[in-house]
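Colleague: Chains H and V, in that order, give the protein sequences. By the count of our numbering, the first sequence reaches residue 245 at its end, each step adding exactly one. By the count of our numbering, the second sequence reaches residue 246 at its end, each step adding exactly one. Glycine included, C-beta positions come from ideal geometry on N, C-alpha and C. No experiment lies behind these values; they were computed from the predicted model shown. Quick one: this structure, given as structure tokens, is what I'll be asking you about.
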Amino acid sequence: MKNIWLYILVSAGVSYLIRATPLALIRREIKNTTLRSFLYYVPYVTLAVMTFPAIIEATQSPLAGLLALLVGAFLAWKGYSLFLVAVACCLVVFGAELLLL
Amino acid sequence: MTDHGKNFRRGVVDGCPIALGYFAVAFTLGIAAKNAGFSAVQAMVESLTNNASAGEYAVFSLVSAGAGYIEVAVMTLVTNARYLLMSCALSQKLPAETSLFHRLLVAFDVTDEIFGISIAFPGRLDPFYTYGAVAVAIPGWGLGTFLGVVVGNVLPPRLVSALSVGLYGMFLAIIVPPAKKDKVVRGLVLLSFLLSFGAARWPLLWGVSPGVKTILLTVCIALGAALLFPVGEEKEAQAS
Numbered sequence: 145m146k147n148i149w150l151y152i153l154v155s156a157g158v159s160y161l162i163r164a165t166p167l168a169l170i171r172r173e174i175k176n177t178t179l180r181s182f183l184y185y186v187p188y189v190t191l192a193v194m195t196f197p198a199i200i201e202a203t204q205s206p207l208a209g210l211l212a213l214l215v216g217a218f219l220a221w222k223g224y225s226l227f228l229v230a231v232a233c234c235l236v237v238f239g240a241e242l243l244l245l
Numbered sequence: 007m008t009d010h011g012k013n014f015r016r017g018v019v020d021g022c023p024i025a026l027g028y029f030a031v032a033f034t035l036g037i038a039a040k041n042a043g044f045s046a047v048q049a050m051v052e053s054l055t056n057n058a059s060a061g062e063y064a065v066f067s068l069v070s071a072g073a074g075y076i077e078v079a080v081m082t083l084v085t086n087a088r089y090l091l092m093s094c095a096l097s098q099k100l101p102a103e104t105s106l107f108h109r110l111l112v113a114f115d116v117t118d119e120i121f122g123i124s125i126a127f128p129g130r131l132d133p134f135y136t137y138g139a140v141a142v143a144i145p146g147w148g149l150g151t152f153l154g155v156v157v158g159n160v161l162p163p164r165l166v167s168a169l170s171v172g173l174y175g176m177f178l179a180i181i182v183p184p185a186k187k188d189k190v191v192r193g194l195v196l197l198s199f200l201l202s203f204g205a206a207r208w209p210l211l212w213g214v215s216p217g218v219k220t221i222l223l224t225v226c227i228a229l230g231a232a233l234l235f236p237v238g239e240e241k242e243a244q245a246s
């Protein structure tokens, strides 16, 4: 039987190194325009990629997820806070699934 | 003069929806951990030190399949590689003079959600804002995993479904406002939705883990955008 604590140590070590290496090594502002632009776009692209279609797969009913996406995007467009948008999405899914399921 | 206390409290507020979502998601992880032979404490320690849902899930399934330590290390690297990209982006968001100590501390909890809200912080990132969010999010994550092992999934599926969507709601709150201001970002967000939807259905990519798919799509789309629409200094200043 292998040691579970060793598995924990290995996975924790790898996870931390992945996160810490760029933050520790890239100490200065990057001057290269392409690289700067790439890093500027990364957050929006990666969060968008992770949001859809995942949001319609996370709910029991895909339609509830789709409604949450529309309502969330609308409220965010109107400038509502992070907290409110998140809570509104939860309520939409909860309400929609009460009706749909 | 930066008011660290105020930013910390702001982080706590923005961290609350993250903590709730984490709590719900972590339950399922706890169940996977239990199946892999982890005790509640071991599962909680795994969660508190890894802070990665897909990565931890991969570890639990590998351990229950009797995999070796090297396999676990490689799998953790692959499923969590997107954090490398996020940390690169964060390195440019922190003030250049940020000490190594704060850099190493911020690095500890670079998750999709903490990264998201840290990037949305106006101007340069004050690490204390991130700490505030982490201070509420991590306990939710650890406690959820612990309880998942001990009691299994006692939350009704309806509640889990609702709470986990809160995390995506947060992502929307982060990407939509810049998309409103900048039409390149708007086009990119829509393109990302579309390609990510396509990639989920493209048979050629079925064997590829979601983590790797995220990296492939992010690198391709962001690199294409960087080449076609290079960002000038003035635009970055305006966006932040």
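Tell me, please, whether the segment 216-228 of chain H touches the segment 136-146 of chain V by the rule of three or more beta-carbon pairs shorter than 8 Å.
Modeller: No, because fewer than three Cβ pairs between the segment 216-228 of chain H and the segment 136-146 of chain V fall closer than 8 Å, the two stretches do not touch.
Colleague: In whole angstroms, what separates the C-alpha of V:Thr136 from that of V:Lys186?
Modeller: The alpha-carbon atoms of V:Thr136 and V:Lys186 are separated by roughly 25 Å.
Colleague: For V:Glu52, which of helix, strand or coil comes out of DSSP?
Modeller: Of the three classes helix, strand and coil, the one that applies to V:Glu52 here is helix, per DSSP.
Colleague: Within 8 Å of any Cβ in chain V, is that where the Cβ of H:Trp206 sits?
Modeller: Reading the sequence as shown, one finds Pro at residue 206 of chain H and not Trp. Chain V contact via Cβ: absent.
Colleague: V:Val78 versus chain H: which residues are under 7 Å apart at the beta carbon?
Modeller: Here the neighbours are Tyr151, Val154, Ser155.
Colleague: Applying the 10 Å Cβ sphere with the 16-neighbour rule, what's the burial state of V:Asp9?
Modeller: Counting Cβ neighbours within 10 Å, V:Asp9 comes out exposed, since fewer than 16 surround it.
Colleague: Pull up the distance between the alpha-carbon of V:Ala232 and that of V:Thr34, whole angstroms please.
Modeller: Their Cα atoms are separated by approximately 38 Å.
Colleague: Do you know offhand how far V:Thr151's Cα is from V:Gly238's?
Modeller: Their backbone Cα atoms lie some 44 Å apart in a straight line.
Colleague: Report yes if the CB atom of V:Gly138 is closer than 8 Å to the CB atom of V:Gly43, and no otherwise.
Modeller: Not in contact: V:Gly138 and V:Gly43 (Cβ atoms no closer than 8 Å).
Colleague: For H:Leu183, go through chain V and note every residue whose CB falls closer than 7 Å to its CB, in chain order.
Modeller: Per Cβ cutoff of 7 Å: Cys94, Ala95, Gln98.
Colleague: If we define contact as Cβ-Cβ less than 8 Å, is V:Asp118 a contact residue for chain H?
Modeller: Yes, contact with chain H.
Colleague: In the segment 141-190 of chain V, which residue ranges form an unbroken beta strand (DSSP E) of at least 3 residues, counting only runs that do not cross its ends?
Modeller: The qualifying runs do not exist here; there are none.
Colleague: For V:Leu169, which residues in the same chain have their Cβ closer than 6 Å to its Cβ, ignoring the five residues on either side in sequence?
Modeller: The answer, listed in chain order, is Leu26, Gly27, Ala30.
Colleague: Taking 8 Å as the CB-CB limit, is H:Leu226 close to chain V?
Modeller: H:Leu226 counts as touching chain V.
Colleague: Can you name, in chain order, every residue of its own chain whose Cβ lies under 7 Å from the Cβ of V:Leu252, other than the five neighbours on each side?
Modeller: Residue 252 of chain V is absent from the structure shown; chain V starts at 7 and stops at 246.
Colleague: In or out: V:Ile76 buried (at least 16 other Cβ within 10 Å) or exposed?
Modeller: By the 10 Å Cβ count, V:Ile76 comes out exposed.
Colleague: I want to see whether chain V comes within less than 8 Å of H:Leu243, judged by CB atoms only; does it?
Modeller: Closer than 8 Å: no.
Colleague: Go to V:Phe121, then tell me how far its alpha helix (DSSP H) extends in each direction, as first and last residue.
Modeller: That run of the alpha helix (DSSP H) goes 118-126.
Colleague: Rounded to a whole number of angstroms, what is the C-alpha to C-alpha distance between V:Ser70 and V:Asn41?
Modeller: Whole-angstrom Cα-Cα distance: 7 Å.
Colleague: Quick one: give me the first and last residue of the alpha helix (DSSP H) that V:Glu62 is part of.
Modeller: Per DSSP, V:Glu62 belongs to the alpha helix (DSSP H) from 59-70.
Colleague: Starting from V:Leu229 and walking both ways along the alpha helix (DSSP H), at which residues does that stretch end?
Modeller: First-last of the alpha helix (DSSP H) with V:Leu229: 216-234.
Colleague: Could you tell me whether the segment 199-211 of chain V touches the segment 196-215 of chain H, where touching means 3 or more Cβ pairs closer than 8 Å?
Modeller: Result yes; three or more Cβ-Cβ pairs closer than 8 Å.
Colleague: Do three or more CB pairs link the segment 155-162 of chain H to the segment 82-95 of chain V at distances below 8 Å?
Modeller: Contact between the segment 155-162 of chain H and the segment 82-95 of chain V is present, because at least three Cβ pairs lie under 8 Å.
Colleague: Assign H:Phe180 to buried or exposed, taking buried as 16 or more other Cβ atoms, counted over all protein chains shown, within 10 Å of its Cβ.
Modeller: For the record, residue 180 of chain H in the displayed sequence is Arg; it is not Phe. Buried is the call here.
Colleague: Report all residues from its chain with a CB closer than 7 Å to the CB of V:Arg15; omit the five preceding and five following residues, and keep chain order.
Modeller: Around V:Arg15: Gly138.
Colleague: Just curious, the alpha helix (DSSP H) that H:Thr178 is in, first and last residue?
Modeller: Segment 177-195, the alpha helix (DSSP H) holding H:Thr178.
Colleague: Look up V:Lys12 in the DSSP assignment and say whether it is helix, strand or coil.
Modeller: Looking at V:Lys12 - three-state DSSP - the assignment turns out to be helix.
Colleague: Which word fits H:Ser225, buried or exposed, when buried means at least 16 other C-beta atoms lie within 10 angstroms of its C-beta?
Modeller: By the 10 Å Cβ count, H:Ser225 comes out exposed.
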